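K.L.:
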Amino acid sequence: MLIKRPPEPGQLALPLPGLDELEESPRIARADRVFVNRNLQLTGIDWVGFDMDYTLVIYRQGTLDALQIQHTVERLVARGWPPLLRTLSFDVGFGIRGLLVDKRHGHVLKMNRYKVVTVGYHGTRRLSQGELEELYHSRRIRPHTSRYHWLDTLFALSEVSTYVGVIDALEARGESVDFERLWRDIRTSIDDAHRDGSIHEAILAEPARYIERDPLLAVTLHKLRSAGKRLFLLTNSPYSFTDGALGSVLDRALPEYPSWRHYFDAIVVGASKPHWFQEGSPLLEHDGEVLRHLRGRLERGKIYEGGSLTDFERLLALTGSNVLYVGDHVYGDMLRSKKESSWRTAMIIPELGQELAAHHACQPQLSRLRQLEELRERFEDELRFLQARFKEYGRQPDASGKAEQLRIKKLLEQVRGRLRANAREESELKQEVDRRFHPWWGSLLKDHNERSSFGLQVDTYADVYTRRVSCLLGYSPQQSFRSPQDLMPHEL
Ligand SMILES: [Mg+2]
Numbered sequence: 000m001l002i003k004r005p006p007e008p009g010q011l012a013l014p015l016p017g018l019d020e021l022e023e024s025p026r027i028a029r030a031d032r033v034f035v036n037r038n039l040q041l042t043g044i045d046w047v048g049f050d051m052d053y054t055l056v057i058y059r060q061g062t063l064d065a066l067q068i069q070h071t072v073e074r075l076v077a078r079g080w081p082p083l084l085r086t087l088s089f090d091v092g093f094g095i096r097g098l099l100v101d102k103r104h105g106h107v108l109k110m111n112r113y114k115v116v117t118v119g120y121h122g123t124r125r126l127s128q129g130e131l132e133e134l135y136h137s138r139r140i141r142p143h144t145s146r147y148h149w150l151d152t153l154f155a156l157s158e159v160s161t162y163v164g165v166i167d168a169l170e171a172r173g174e175s176v177d178f179e180r181l182w183r184d185i186r187t188s189i190d191d192a193h194r195d196g197s198i199h200e201a202i203l204a205e206p207a208r209y210i211e212r213d214p215l216l217a218v219t220l221h222k223l224r225s226a227g228k229r230l231f232l233l234t235n236s237p238y239s240f241t242d243g244a245l246g247s248v249l250d251r252a253l254p255e256y257p258s259w260r261h262y263f264d265a266i267v268v269g270a271s272k273p274h275w276f277q278e279g280s281p282l283l284e285h286d287g288e289v290l291r292h293l294r295g296r297l298e299r300g301k302i303y304e305g306g307s308l309t310d311f312e313r314l315l316a317l318t319g320s321n322v323l324y325v326g327d328h329v330y331g332d333m334l335r336s337k338k339e340s341s342w343r344t345a346m347i348i349p350e351l352g353q354e355l356a357a358h359h360a361c362q363p364q365l366s367r368l369r370q371l372e373e374l375r376e377r378f379e380d381e382l383r384f385l386q387a388r389f390k391e392y393g394r395q396p397d398a399s400g401k402a403e404q405l406r407i408k409k410l411l412e413q414v415r416g417r418l419r420a421n422a423r424e425e426s427e428l429k430q431e432v433d434r435r436f437h438p439w440w441g442s443l444l445k446d447h448n449e450r451s452s453f454g455l456q457v458d459t460y461a462d463v464y465t466r467r468v469s470c471l472l473g474y475s476p477q478q479s480f481r482s483p484q485d486l487m488p489h490e491l
């Protein structure tokens with residue numbers, strides 16, 4: 000007789016018999032997973048809302064940065080900056096999200112979760128530890144004051160590339176630079192280029208050059224709809240651009256959907272987030288070329304503009320926690336929706352693929368770093384023990400006490416030498432790991448063992464996060480996303 004026993008505690012029931020004969024792994028590849036900060040059950044979600052830029056529409060960062068820099072430089076020269084700027088080559092890979100620009104000193108900084116500056120550059124010259132300590136470690140940094148500017152969107156990476164490139168070039172010519180004015184002029188120039196439609200026009204003229212078409216996006220949206228979820232679009236982009244950009248990634252993708260508009264039950268453009276989550280503006284309805292105030296209900300197939308969270312929830316009878324909002328922007332999409340509503344949040348982090356690849360490639364170094372940490376603790380214990388013994392023998396004035404002290408002194412020197420070697424190896428390995436993540440800044444989300452300030456925001460405001468919207472395709476629309484156990488240091 001065959002008796003099936005339940006697995007013993009601690010014994011995994013997997014793999015199932017025959018599972019290893021399957022050609023594909025039952026596990027979703029790490030790069031395509033949804034990572035969970037707070038439990039989220041998709042069964043309780045009736046509406047899934049999407050931001051557009053860098054969420055549904057993924058831009059090719061290098062080419063878009065180059066376009067934005069070109070428009071910025073032209074406008075800087077028109078504002079009186081030297082024409083020499085047109086001849087410079089800018090490093091489009093310089094910036095990452097979460098950096099802080101110190102406009103007073105012309106520095107660009109990365110902070111850890113405690114707002115301590117850990118890396119900084121002036122132009123592309125790395126600031127020494129001494130410079131960082133002198134300027135930023137003796138008093139608390141206030142990132143929201145006018146002295147600083149926080150880079151929270153992928154659109155802003157070109158601004159910091161332009162900033163450091165111009166500072167390098169002008170200082171190399173011996174010119175003194177007005178750092179505040181330079182930053183202000185860069186911001187105004189790129190804002191103008193967006194506002195007057197120059198950037199949008201260039202993107203729509205060659206969408207394949209600037210926009211990556213994700214072949215799984217349409218089927219992901221379709222799967223959510225087929226499971227009974229209703230979808231909405233909530234974007235700050237104007238209708239003309241939304242129409243072209245979403246058309247380039249969704250039109251003709253599936254025969255059931257004649258155009259991108261057919262995927263959504265409600266469409267709001269020109270939303271002005273984060274303002275939209277607070278007081279907002281009157282909700283307008285596109286009627287052909289004309290915009291008029293909304294009359295009655297929101298209708299599927301129509302285009303709306305502006306409005307506010309309160310209007311939107313009332314018109315669609317949303318209860319808040321039955322909404323999952325998917326966006327890429329920490330402040331405009333994640334933070335405001337978390338603070339002003341009870342919407343659940345999924346953050347799209349396009350950089351996550353690179354972060355995961357670097358994390359995987361650095362496993363040997365990361366494992367050695369953990370070993371070195373353990374060794375350091377052991378050496379420090381030995382040091383404390385030997386120091387106490389040294390003092391004890393010091394209280395014995397006879398020859399044997401002196402001889403013991405001499406022996407312990409030699410041991411102490413050995414342990415100190417090992418600690419120094421340990422620290423050297425640790426520092427070299429950390430630099431190696433940093434370079435693998437990002438040549439200038441290291442990891443986007445981490446600062447070695449701690450979260451970076453950006454990583455902390457992801458942790459605080461995103462219930463789940465993933466690389467792109469189509470990563471949801473691997474999961475059931477009834478998925479229960481569960482967060483890992485949140486251990487405190489004393490539980491480790
Ligand atoms: Mg966006």
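Under numbering that gives the first Met the number 0, residues 0 to 491 are what the sequence shown spells out, in order.
Beta carbons are placed, not taken as given, at the ideal position from N, Cα and C, and that holds for glycine.
Computed from a prediction, not measured in an experiment: that's the story for all the values here.
#1: May I ask which residues mark the beginning and end of the alpha helix (DSSP H) holding V76?
#2: Report yes if the C-beta of H328 is less than 7 Å from at least one heavy atom of ligand 1; otherwise report no.
#3: From V107 to P257, what does the alpha carbon distance come to, in whole angstroms?
#4: Can you tell me whether H70 is buried or exposed, with buried defined as 16 or more other CB within 10 angstroms of its CB?
#5: Over what stretch of residues does the alpha helix (DSSP H) that includes F311 continue unbroken?
#6: Go to G48, then tell me how far its alpha helix (DSSP H) extends in each direction, as first and last residue.
#7: Please tell me whether, using a cut-off of 7 Å, the distance from the CB of D50 to the nearest non-hydrogen atom of ligand 1 is below it.
#8: Mind the definition here: the segment 42–59 touches the segment 238–257 only if three or more C-beta pairs lie below 8 Å; say whether that holds.
#9: For the segment 227–282, which segments carrying the alpha helix (DSSP H) assignment without a break, of at least 4 residues, lie completely within its bounds, in sequence order?
#10: Among L486, G473, P488, which one has its Cα closest to the Cα of R29?
#11: From the DSSP output, read off the bridge partner residues of I210.
#12: Examine the Cβ distances between the segment 329–346 and the segment 459–472 and report whether three or more of them are shorter than 8 Å.
#13: Could you tell me the boundaries of the beta strand (DSSP E) in which E304 lies?
#14: For the candidate residues R180, G173, L293, whose alpha-carbon lies nearest to that of Y147?
#15: Tell me whether Y58 counts as near ligand 3, meaning its Cβ is closer than 7 Å to at least one heavy atom of that ligand.
#16: Do the CB positions of N38 and S482 come within less than 8 Å of each other?
#17: Per DSSP, which one or two residues make a beta bridge with A345?
#18: Can Y113 be considered in contact with ligand 1, in the sense that its beta carbon sits closer than 7 Å to one or more heavy atoms?
#19: Could you tell me which residues DSSP puts in a beta bridge with K445?
#20: Taking Cβ to Cβ, would you say G122 is nearer than 8 Å to V91?
#21: Can you give me the Cβ contacts of I407 inside the same chain, cut-off strictly under 6 Å, excluding the 5 residues immediately before and after it?
#22: For a test of the three-state rule: what should DSSP assign to D90, helix, strand or coil?
#23: Just how far apart, CA to CA, sit G246 and W259?
#24: Provide the residue span of the beta strand (DSSP E) that contains D101, from first to last.
#25: With DSSP as the reference, label L486 as helix, strand or coil.
#26: For Y135, which three-state DSSP category applies?
#27: V322: buried (16+ other C-beta within 10 angstroms of its C-beta) or exposed?
#28: Going by the beta-carbon positions, is the gap between L283 and M51 smaller than 8 Å?
#29: Note down, in chain order, each residue of its chain lying with its Cβ closer than 8 Å to the Cβ of R377, except the 5 sequence neighbours on either side.
P.N.:
Reading from the atomic positions:
#1: 60–77
#2: yes
#3: 46 Å
#4: buried
#5: 308–315
#6: Looking at the DSSP string, G48 is not in any alpha helix (DSSP H); the run it does join, the beta strand (DSSP E), is 46–49.
#7: yes
#8: Because the criterion of three Cβ pairs below 8 Å is met, the segment 42–59 and the segment 238–257 touch.
#9: 238–249
#10: G473
#11: Y58
#12: yes
#13: 303–305
#14: R180
#15: Ligand 3 is not among the ligands present in this structure, which contains only ligand 1.
#16: Judged by their CB atoms, N38 and S482 are nearer to each other than the 8 Å cut-off.
#17: Residue pairing by DSSP places A345 opposite V325, V463 in a beta bridge.
#18: no
#19: R450
#20: no
#21: L385, R388, F389
#22: coil
#23: Each residue's alpha carbon lies about 6 Å from the other.
#24: 99–101
#25: coil
#26: helix
#27: buried
#28: no
#29: Counting only Cβ-Cβ distances below 8 Å, and skipping sequence neighbours, we find nothing.
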